[in-house]
Every structure is written in C-alpha cells, then in structure tokens.
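What the sequence shown shows, in my numbering, is residues 58 to 271, in sequence order.
The beta carbon of each residue, even a glycine, is placed where N, CA and C say it ideally should be.
Here's the structure we're looking at; comments come further down.
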Amino acid sequence: MKDIVILYSGGMDSSVALYEHADRIRRALTFNYGSKHNLREMEYAARNCKRLGIEHHVIELDMNKMGFVSDLLQSGGDIPNGHYEDQNMIKTVVPFRNGIMLSIAAGIAESIGCDKLMISNHAGDHAIYPDCREEFIQTMNKAISLGTYNHCEILAPYTNLTKREIALIGKEIGVPFEDTYSCYNGLETHCGTCGTCTERKEGLEGFDPTVYLH
Numbered sequence: 058m059k060d061i062v063i064l065y066s067g068g069m070d071s072s073v074a075l076y077e078h079a080d081r082i083r084r085a086l087t088f089n090y091g092s093k094h095n096l097r098e099m100e101y102a103a104r105n106c107k108r109l110g111i112e113h114h115v116i117e118l119d120m121n122k123m124g125f126v127s128d129l130l131q132s133g134g135d136i137p138n139g140h141y142e143d144q145n146m147i148k149t150v151v152p153f154r155n156g157i158m159l160s161i162a163a164g165i166a167e168s169i170g171c172d173k174l175m176i177s178n179h180a181g182d183h184a185i186y187p188d189c190r191e192e193f194i195q196t197m198n199k200a201i202s203l204g205t206y207n208h209c210e211i212l213a214p215y216t217n218l219t220k221r222e223i224a225l226i227g228k229e230i231g232v233p234f235e236d237t238y239s240c241y242n243g244l245e246t247h248c249g250t251c252g253t254c255t256e257r258k259e260g261l262e263g264f265d266p267t268v269y270l271h
C-alpha cells in the first residue's frame with residue numbers, strides 16, 4: 058500500500074529513505090525554498106524518482122522573498138567550512154524549515170489519502186538543527202495527528218542513526234550514491250569542505266563515488 062508522502066531533497070539521507078521505502082511511497086515532495094544548492098538537488102531528486110517510478114512534485118517556497126535569514130539561502134552570506142558540530146554551522150540553519158515543510162506535506166498527504174509523512178533527519182543534525190531533534194519530531198507528530206482527520210503520522214526512521222549507519226543501509230540496498238547531491242555551496246563538483254560535504258565523506262568512506270574539489 059502506497060501510504061507515504063516523503064520530503065525528498067535528492068541528498069544522501071533522503072535518497073536512502075526513498076530507495077528503502079519505495080514500495081510504500083505515493084509522492085515525493087522537493088521544496089525549492091531558495092537555498093544555494095536547491096537547483097542541483099532537484100536534478101538528482103527528479104532522476105531518482107523517475108528511476109523508481111515515484112510521483113515527484115516540486116513545491117515552490119522561496120524563503121529569500123519571505124525574509125528568512127540563513128547563509129544556506131541565496132540571500133545569505135558565504136557557506137562556512139567545517140563539521141556539523143562546529144558552532145559556525147549555526148549560520149546554515151533555516152529557521153523552522155522542517156516544521157514548515159512537514160506542515161505543508163501533512164496537508165498534501167491528507168488531500169491525497171496518505172496518512173504517513175517521512176523525513177530523513179539523523180543524529181548528526183542534532184547538534185545545531187533544533188527541528189531535526191527527536192523531541193521536535195515527536196511533538197510535531199502529535200500536532201499533525203491532532204490537526205488532520207486521518208491522524209497523519211510522521212515517520213523519521215533515521216533520527217538516532219549516524220550518517221555512516223544510513224550510508225551502510227544504502228550500500229546494502231544498492232542506492233546509487235553517485236546520483237545524490239549534498240554540497241551546500243551548490244557547485245557542479247562537491248566542494249568537499251562545507252559541513253554536509255564533510256559528513257558525506259565520513260558516511261561514505263570506503264565506497265564513496267563522489268568527486269570533491271578538496
């Protein structure tokens with residue numbers, strides 16, 4: 058039964074979720090929210106959905122025009138280098154991004170008869186992204202359940218898994234990591250030094266098909 062609407066960026070973690078749960082996914086939603094790497098991500102998201110025969114919708118949500126402040130956005134400053142646990146990575150937080158996207162996805166899910174939402178937050182996100190933490194997901198899950206007639210539920214299977222553990226799941230099920238994109242700078246070739254590139258290297262070590270600039 059196809060009962061899941063998934064938030065799908067085209068990145069490494071959500072691609073593992075897409076492939077792992079493909080038989081249950083009714084629709085994949087990619088949000089074009091105005092990040093520096095959105096356009097690259099969307100190319101890979103469309104490619105993987107086409108490969109798996111999953112309905113793919115792009116949601117236009119330009120947070121630059123809405124006045125959101127984050128260096129991850131096109132209107133923001135330079136992307137900092139480092140690891141997710143570094144304090145300077147706070148500059149890449151887009152305020153309440155997951156809450157906003159989950160809310161929109163909940164309305165879409167109920168409208169098309171789905172009662173499950175999937176998000177691919179993971180343990181590495183917890184250090185700086187408050188809307189990736191288990192407490193947030195649990196609370197948002199309750200709000201969405203109460204706010205929908207079909208009591209829509211959030212599935213967040215990777216909340217307490219590391220990037221490496223997610224990568225190993227992907228390796229086991231044959232996820233084509235060469236067709237995923239992670240770089241916050243939005244370059245044609247992954248920069249290799251931003252927070253998400255750094256975690257990508259750690260996660261895929263030993264079977265990484267990615268070409269990096271550094």
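| Check | Outcome |
| --- | --- |
| Stretch pair the segment 123-138 + the segment 162-179: three plus CB contacts closer than 8 Å | no |
| Status (buried if at least 16 other CB within 10 Å, exposed otherwise) for R108 | exposed |
| First and last residue of the uninterrupted beta strand (DSSP E) at K122 | That residue, K122, is in no beta strand (DSSP E); it is neither H nor E in DSSP. |
| Alpha-carbon spacing of E235 relative to V268, whole angstroms | 9 Å |
| Span separating the alpha-carbon of T255 from that of G181 | 11 Å |
| Three-state secondary structure (DSSP) of R221 | helix |
| DSSP beta-bridge partners of H113 | A85 |
| Touching by the beta-carbon criterion (3+ pairs, under 8 Å), the segment 236-252 and the segment 194-210 | no |
| Environment of D128 [buried if 16+ CB atoms lie within 10 Å] | buried |
| Any 3 or more C-beta pairs closer than 8 Å across the segment 91-105 and the segment 206-217 | no |
| Where N242 falls, given that 16 or more other Cβ within 10 Å makes a residue buried | buried |
| Selection from R97, M158, A184 and I185 that minimises the alpha carbon distance to L174 | M158 |
| Close-in-space but distant-in-sequence residues of the same chain around C189 (CB under 7 Å, 5 per side omitted) | N155, N178, D182 and H183 |
| Within 8 Å, strictly: CB atoms of L86 and I116 | yes |
| Sheet register partners of E262 (DSSP bridge) | In DSSP, E262 forms no bridge with anything. |
| Extent of the continuous beta strand (DSSP E) run through I291 | Any property of residue 291 remains undetermined from this structure, which presents the chain solely from 58 to 271. |
| Rounded straight-line distance, which links the Cα of I194 to that of F153 | 12 Å |
| Buried or exposed by the 16-neighbour rule on C-beta atoms within 10 Å, applied to H94 | buried |
| CB of G249 within 8 Å of CB of R221, strictly | no |
| Min CB distance N242 to chain C below 8 Å | Of the protein chains in the structure, only one exists, and it is not chain C. |
| CB contact flag (D60, R84, <8 Å) | no |
| Through-space distance from I176 to E191, alpha-carbon basis | 12 Å |
| Rounded C-alpha distance that separates P137 from L270 | 16 Å |
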